[in-house]
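To start, the structure under review is shown below, and the notes come after it.
Numbering (this note's numbering), first residue to last: 1 to 179.
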């Protein structure tokens, strides 16, 4: 519904689903936003190159992903996963989340593909990944840690802002969302 609203009401082109530079050609973008997308991608390097191919020189790419080094992610790995318990929307929960990212790994991924780093930080979001409610017992048990991350800015999300080089960009990049 949101994509339809933006397309129809605001007259802004919006692309839904698996993304490739060929899909949007000949369009080129100045900004690409990929929220809770990168952790679902099979080949992150190819994905990042594909986004660059769809960008104008100097374009900005903003990425938000669950923070794999957050307190809640570490606690889930230490307490629940060894016992064979997987929490709904855990940070690394195959087959939904194929990759996990920290500030260092996110920077390394984008810089290795030719992007310039503008900013990379952690953010705190009170609700766990992608806005779902605290429905399961495991998520309710972790509520104090989510609150701690929120109040202390330890961050359960990692956010990166990268720029496509203004000249000589020879790499390719795209954005997709798994539903």
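Every residue gets a Cβ at the ideal spot worked out from N, C-alpha and C, and that includes glycine.
Let me know the secondary structure DSSP gives residue i once reduced to three states.
{"i": "residue 108", "result": "helix"}
{"i": "residue 49", "result": "helix"}
{"i": "residue 101", "result": "strand"}
{"i": "residue 10", "result": "coil"}
{"i": "residue 78", "result": "helix"}
{"i": "residue 73", "result": "helix"}
{"i": "residue 2", "result": "helix"}
How would you label residue i, buried or exposed, when you count the other beta carbons within 10 angstroms and need 16 or more for buried?
{"i": "residue 13", "result": "exposed"}
{"i": "residue 6", "result": "exposed"}
{"i": "residue 25", "result": "exposed"}
Using CA atoms only, rank isn't needed, just tell me which of the options is closest to residue i.
{"i": "residue 56", "options": "28, 115 and 110", "result": "28"}
{"i": "residue 48", "options": "112, 158 and 23", "result": "112"}
{"i": "residue 115", "options": "104, 61, 65 and 35", "result": "61"}
{"i": "residue 106", "options": "160, 123, 30 and 24", "result": "160"}
{"i": "residue 66", "options": "119, 167, 23 and 98", "result": "98"}
{"i": "residue 124", "options": "109, 157, 100 and 78", "result": "157"}
{"i": "residue 20", "options": "52, 63 and 30", "result": "52"}
Need the endpoints of the alpha helix (DSSP H) that residue i sits in, please.
{"i": "residue 69", "result": "Per DSSP, residue 69 belongs to no alpha helix (DSSP H) and is neither H nor E."}
{"i": "residue 24", "result": "21-24"}
Quick one: does residue i have its CB under 8 Å from some CB of chain D?
{"i": "residue 41", "result": "Here there is only one protein chain, and chain D is not present."}
Terminal residues of the continuous beta strand (DSSP E) containing residue i?
{"i": "residue 37", "result": "From DSSP, residue 37 is part of no beta strand (DSSP E); its letter is neither H nor E."}
{"i": "residue 158", "result": "157-163"}
{"i": "residue 121", "result": "116-123"}
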